[in-house]
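Input: a single structure, listed below in structure tokens.
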Amino acid sequence: MKKILLLFLISLLTFQIQAQKSKYVSSTIKPQERSNIEKSLNWASTSSQHISDTRGYEIGVSAAPVDRDSIYHEVDIAPSFPGGDESIRRFIAQNLIRPKGSKGEVVLVKFLVERYGEISKVHIVESNGDPQISAEAIRVVKKMGSWNPGKIRGVEVASYYVLPVRF
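Just so you know, the sequence shown maps onto residues -19 to -1, 1 to 148 in mature numbering (1 follows the signal peptide of the UniProt record, and there is no 0).
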């Protein structure tokens, strides 16, 4: 009986540890992200802003190791397109095909930058509802190629990025 009870407790403890390790990744935009996006869209410049919070870590304070297999919404260094914001604007300007009636529209595209730099899970967070405009924004983002991944304490990790695509 003691062996069965001990086995049950060990399996329960293992299950709890595994449940704590995995994180729920929401495909919706957080209120903090929405606030940051709205602020960036009201700027005079067409600069894209990374939409993520950074965690401050004190020097010398030990923290849990970074799990390279998890997906993060908050990173120390946000993913970036090679060449920076100017390169993003140039790439979009050269590759975006503007559907009729799309002038002035802004589509928010959220995607995952994998720890090795590839883009995946591209989807629209906010749009005017025109499927042509949304499809074109997704097409251009998928065409971008590799990015520099986000980092937590110097470790490359998979993290989300929200990019405003202006038509």
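Don't be surprised by glycine CBs; every beta carbon is placed ideally from N, CA and C.
A quick note: this is a predicted structure, and the numbers were derived from the prediction, not measured.
Pairwise C-beta distances place the segment 42 to 56 out of contact with the segment 114 to 123, as fewer than three of them are shorter than 8 angstroms. M125 has its alpha-carbon roughly 8 angstroms from the corresponding atom of F72.
About 16 angstroms separates the Cβ atoms of P60 and V106, ruling out a contact at the 8 angstroms cut-off.
Taking one beta carbon from each stretch, the segment 127 to 140 and the segment 52 to 71 have 3 or more pairs nearer than 8 angstroms; the two touch. Check the Cα spacing between H54 and each of Y142, F148, R147 and V146: the tightest is with Y142. In terms of Cα proximity to R70, the closest of I133, R134 and V121 is V121. Judged by DSSP secondary structure, K132 falls outside any alpha helix (DSSP H) and instead within the beta strand (DSSP E) spanning G131 to I133. Counting along the chain, no alpha helix (DSSP H) covers F148, and no H or E run does either.
Assigned with DSSP and collapsed to three states, S115 falls in helix. Assigned with DSSP and collapsed to three states, K102 falls in strand. Taking each of D57, K123 and I58 in turn and checking the Cα distance to E99, the smallest one comes out for K123. Put simply, of V146, V88, A139 and L77 the residue whose alpha carbon is nearest the alpha carbon of D48 is A139.
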